[in-house]
Amino acid sequence: MASKGKAKSSPKTTEKNLSSFKQGGETFKPQDTVLMRSPVAGAADFVAKIEKVQRSPTQGIKVNVSWFYRPEEANGGRKGFHGERELFSSDHTDWCDAGAINGRCKVHSLHEYQNLKQITGSDYFNRFSYKARTGRFRPDRVPVYCCCEMPYNPDKFMVECEQCAEWYHPECLQLKQSAVEKGGSFVCKKCLDVSKQEMAGVSKSGKRKGRD
């Protein structure tokens with residue numbers, strides 16, 4: 001089983017580097033993203049990227065992995081804008097027994113994740129890198145949307161205003177998603193207010209002109 005602890009020293013030079021290895025009918029190689037069994041019974045698998053593979057005369061096949069962190073495992077915890085399938089890449093690495101691998105998974109970029117036609121239990125996405133020792137993130141700033149001024153969460157439905165091209169959560173506007181979807185085109189309150197003011201100005205201008 002795998003555990004996230006202090007980085008272990010590299011295997012001795014007598015060990016052989018491997019370009020790939022087979023386990024459970026699957027072939028694994030460096031740069032693959034995999035699920036690693038947790039030592040805690042019933043806990044979710046860890047997610048990691050294989051960086052290096054070595055065969056030890058005494059310990060069998062070992063993999064050097066870099067860990068992905070779930071938001072709740074990182075400094076600051078899970079926030080409202082974190083997606084359910086969101087992970088942080090990290091600089092935290094360990095050597096683990098290859099037998100701890102519990103299968104393959106895929107960690108997409110946010111853009112790739114948004115374009116998936118179907119999201120499975122083995123699909124995740126990553127948009128932040130995490131320094132495990134300092135608890136710092138990169139990038140440290142991202143675009144915010146809606147009147148709630150929160151970063152994008154792919155699990156939350158948003159609608160685009162056809163006039164200003166800003167994106168909004170219907171619930172932040174006290175609207176129901178179903179009503180927004182059925183309504184077709186959407187114009188936010190700010191743009192509606194501007195349009196009303198402009199129409200009022202045109203109307204007043206027209207009345208003055210008519211009296212001249």
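Here full-length UniProt numbering is used: the first residue of the sequence shown is 1, the next is one more, and so on.
Every residue gets a Cβ at the ideal spot worked out from N, C-alpha and C, and that includes glycine.
{"Query": "Straight-line gap, Y124 to K190 (C-alpha atoms, nearest Å)", "Result": "35 Å"}
{"Query": "CB of S129 within 8 Å of CB of S90, strictly", "Result": "yes"}
{"Query": "For Y152, the three-state DSSP class (helix, strand or coil)", "Result": "coil"}
{"Query": "Terminal residues of the beta strand (DSSP E) in which V47 lies", "Result": "F46 to S56"}
{"Query": "Proximity below 8 Å, CB of F46 to CB of I101", "Result": "no"}
{"Query": "Identified DSSP bridge partners for Y69", "Result": "F88"}
{"Query": "Residue environment, E86, which counts as buried when at least 16 other CB atoms sit within 10 Å", "Result": "buried"}
{"Query": "Residues that R138 bridges to, as DSSP identifies them", "Result": "S129"}
{"Query": "Three-state secondary structure assigned by DSSP to D193", "Result": "helix"}
{"Query": "Stretch pair the region 172-190 + the region 152-162: three plus CB contacts closer than 8 Å", "Result": "yes"}
{"Query": "Segment contact flag, the region 93-112 with the region 133-150, C-beta cutoff 8 Å, min 3 pairs", "Result": "no"}
{"Query": "Reference K62; option with closest CA among A44, R136, F68 and M36", "Result": "M36"}
{"Query": "E171 versus A98 - alpha carbon distance", "Result": "46 Å"}
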